[in-house]
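The letter at position 286 of the sequence shown is residue 286 when you use our numbering, and the numbering goes up by one with no holes.
Shown next, in structure tokens, is the structure this report addresses.
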Amino acid sequence: MTNSFSDKHLSADQAARWVSAIPQPFTLIHNPPYVFPPWELCPMAHVATELADGAEGVVMDMDGTTTTTEVLCIESLAKMTAAMCGRSLENASQYLDPVRDYPNIIGNSTTKHVEYLIQQYGASFQVESICRHFLESTAWTISQGMDVNRKKEALNSLIVLGLSELDQDPDWNRLLSAGEPERQEGLTALVSRCLGRLTVNSLTEQSRAGIEIYYRHYHATLAEIRKQGGSSGGTGKAMIEPMPGIGITLALLKGWLGEELAQLRDPLIAALLERNDSADTKTVLSREGLAQLGRYFERHPVKLALVTSSIGSEAAIVLDEVFRVLVSEAGDWKISSGRKDVLLDAFQSPARVYDAQITASDSSEIRLKPHRDLYSMALHTMGISPEDFHKVAGFEDSESGTIAIRTAGIPLCCALPFAMTQHHRFEAASMVCIGGLPEVILNRNFFLPAHLTAGSD
Numbered sequence: 001m002t003n004s005f006s007d008k009h010l011s012a013d014q015a016a017r018w019v020s021a022i023p024q025p026f027t028l029i030h031n032p033p034y035v036f037p038p039w040e041l042c043p044m045a046h047v048a049t050e051l052a053d054g055a056e057g058v059v060m061d062m063d064g065t066t067t068t069t070e071v072l073c074i075e076s077l078a079k080m081t082a083a084m085c086g087r088s089l090e091n092a093s094q095y096l097d098p099v100r101d102y103p104n105i106i107g108n109s110t111t112k113h114v115e116y117l118i119q120q121y122g123a124s125f126q127v128e129s130i131c132r133h134f135l136e137s138t139a140w141t142i143s144q145g146m147d148v149n150r151k152k153e154a155l156n157s158l159i160v161l162g163l164s165e166l167d168q169d170p171d172w173n174r175l176l177s178a179g180e181p182e183r184q185e186g187l188t189a190l191v192s193r194c195l196g197r198l199t200v201n202s203l204t205e206q207s208r209a210g211i212e213i214y215y216r217h218y219h220a221t222l223a224e225i226r227k228q229g230g231s232s233g234g235t236g237k238a239m240i241e242p243m244p245g246i247g248i249t250l251a252l253l254k255g256w257l258g259e260e261l262a263q264l265r266d267p268l269i270a271a272l273l274e275r276n277d278s279a280d281t282k283t284v285l286s287r288e289g290l291a292q293l294g295r296y297f298e299r300h301p302v303k304l305a306l307v308t309s310s311i312g313s314e315a316a317i318v319l320d321e322v323f324r325v326l327v328s329e330a331g332d333w334k335i336s337s338g339r340k341d342v343l344l345d346a347f348q349s350p351a352r353v354y355d356a357q358i359t360a361s362d363s364s365e366i367r368l369k370p371h372r373d374l375y376s377m378a379l380h381t382m383g384i385s386p387e388d389f390h391k392v393a394g395f396e397d398s399e400s401g402t403i404a405i406r407t408a409g410i411p412l413c414c415a416l417p418f419a420m421t422q423h424h425r426f427e428a429a430s431m432v433c434i435g436g437l438p439e440v441i442l443n444r445n446f447f448l449p450a451h452l453t454a455g456s457d
């Protein structure tokens, strides 16, 4: 080709020649409707199914891969949909179709999830109900919300959707300052005055309103979880829990278990069966095989990154709850007291385990998964250079997440689907492990060739 990278302006034919010279496969990523261009064509790393040269890093999604919080996200999206349709918010998840809807509202940015639900259910929307819940939600976020940027976005949504003069309205100011029992007083009159000014005609405008309603419900739930110490309304049942095998996996990868990984074989098998009750446990690693794997990571601990499309304040609450549970789990592991003391100390804080925690707050809503940005940031933060990306394993539970990993240049991308993502398409993944991380350890030797874990490296 006669063109060089110094050529900044290309014709369509010249651009096509550049694309045709790239040996990697491509994926087409659709942008939100308010972004130019409507789509982007991105190269993906070639597929790899083993870490042939050893492991240097692991990148891992949060919701649905590390934790069970996808359930909370789904419930909040369902409440948003019910609210915009003027329906009861009780048992709102009944309004969504798991087979049709879940693949489209898990794993992408909040904006894309909301846009999908608007397109799917918009014919049933009631403007008065949207107005009421939008006002309630923005008032809650501004007065009680946990995230400073979310407060700014809520104020901006009021302005963009035509309600810029609310600060002069006494009912609005009462809504901001009132406790929950008093919130309905004056709300009907406020809705009546705002209804003619609120502009929610386009997909983008309805999405703005929907996002505020969604975040109100999700953040209110997180606030309740924090208040209740992780349990649900005094029931003692944890609302946020680690996915099966997460604690053992993190401890293994940081080299804290060593050969004592073998002593956790039974808990790993139990976790494997929890993820996949039809798994063949006769083919799993022996205790000696697990001891060898543990010794490998003790000699070569990896860098770990958690990557999530959740905003930073959400991730902080979720991870605190996850690690609170991990401390309890690790306390029951049948390992030596010395190793257990190290683990219990490390699990006191996610920052002691992860070398990078990358959230939506580090980027922009328009550059979240399936875009590569969050995973590229994670690789850079961990100090892993492109020539070593083949030494990185990536884990995701959603279609968009697997695309983000591959477009970030990571060849080994493992999909870990669970009940809510079982209908996703995982063509971008190098492999699919129904049994989750326990399968990765027990059945796949964490993708490492046998000669490496046997100590011949």
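A virtual CB, placed ideally from N, CA and C, is assigned to each residue, including glycine.
A quick note: this is a predicted structure, and the numbers were derived from the prediction, not measured.
Distance, residue j Cα to residue i Cα
i, j, result
"L285", "R150", "47 Å"
"I317", "T204", "29 Å"
"A78", "Q119", "14 Å"
"A16", "H30", "19 Å"
"G234", "K391", "Caution is warranted here: a pLDDT of 45 is assigned to G234, below 50, making its placement in the model unreliable, and the coordinate value is therefore given only provisionally. For G234 and K391, the distance between alpha carbons rounds to 45 Å."
"I441", "T249", "8 Å"
"T281", "M239", "29 Å"
"C433", "T66", "14 Å"
"E128", "S88", "14 Å"
"K254", "V302", "6 Å"
"D341", "E298", "16 Å"
"I22", "H46", "11 Å"
"P38", "R226", "39 Å"
"S376", "R367", "11 Å"
"T221", "L72", "8 Å"
"S232", "Y215", "Because the pLDDT at S232 is just 48, under 50, the model does not fix this residue reliably, and the point stays unresolved."
"W172", "S124", "27 Å"
"E314", "Q14", "44 Å"
"E115", "M146", "24 Å"
"Y354", "F347", "10 Å"
"L273", "H451", "28 Å"
"W140", "G186", "15 Å"
Nearest to residue i (by Cα), restricted to the options the options
i, options, result
"F389", "D397, E396, A378 and E399", "A378"
"Q24", "P43, A12 and L416", "P43"
"G107", "F347, T308, T281 and S202", "T308"
"G289", "L306, L264, G312 and N276", "L264"
"G162", "T141, A209 and P170", "A209"
"T27", "I434, T402 and S164", "T402"
"G476", "P33, K303, L437 and R367", "The displayed coordinates of the chain run from 1 to 457. Any statement about residue 476 would go beyond what the structure contains."
"V322", "S349, R339, S310 and W333", "S349"
"L190", "C131, P242 and A454", "C131"
"Q422", "A428, E439 and E399", "E399"
"E70", "E329, I159 and P417", "P417"
"A429", "M420, C413 and E439", "C413"
"L462", "N443, L41, M60 and V35", "The question about residue 462 has no answer here: the residues shown for the chain are numbered 1 through 457."
"S329", "S336, L344 and S337", "The sequence given here places Glu at residue 329; Ser does not occur at that position. When only C-alpha atoms are compared, the closest one is L344."
"H371", "E153, S192 and P32", "P32"
"A270", "G435, H300, P98 and I213", "G435"
"R197", "H217, P170 and E165", "E165"
"P98", "M420, P449 and F447", "M420"
Residue burial classification, residue i (beta-carbon count within 10 angstroms, cutoff 16)
i, result
"L374", "buried"
"T49", "exposed"
"S20", "exposed"
"A12", "exposed"
"P386", "exposed"
"W18", "exposed"
"H380", "exposed"
"N156", "exposed"
Helix, strand or coil at residue i [DSSP, three-state]
i, result
"L222", "helix"
"T468", "Because the chain is modelled from 1 through 457, residue 468 falls outside the range shown and cannot be assessed."
"G234", "In this predicted model, G234 has a pLDDT of only 45, less than 50, meaning its place in the structure is not dependable enough to derive any value."
"T67", "strand"
"V160", "helix"
"C42", "strand"
"E396", "strand"
"I118", "helix"
"I126", "According to the sequence displayed, residue 126 carries Gln and not Ile. Reduced to three states, the DSSP call for Q126 is coil."
"D169", "coil"
"D97", "coil"
"L452", "helix"
"D345", "helix"
"C194", "helix"
"D373", "helix"
"A360", "helix"
"P417", "coil"
"V200", "coil"
Residue-chain proximity (residue i, chain B), Cβ-Cβ < 7 Å
i, result
"S93", "Absence of chain B from the displayed structure is noted, only one protein chain being present."
Inset, instruction - Run through the stretch 9 to 36 for me and flag every whole beta strand (DSSP E) of 3 or more residues, listed as ranges in chain order. - result: Taken in chain order, the whole beta strand (DSSP E) runs of length 3 or more contained in the stretch 9 to 36 are 26 to 30.
Legend entry - Within the stretch 262 to 335, ranges of the beta strand (DSSP E) (whole runs, at least 3 residues): The stretch 262 to 335 contains these whole beta strand (DSSP E) runs: 303 to 307.
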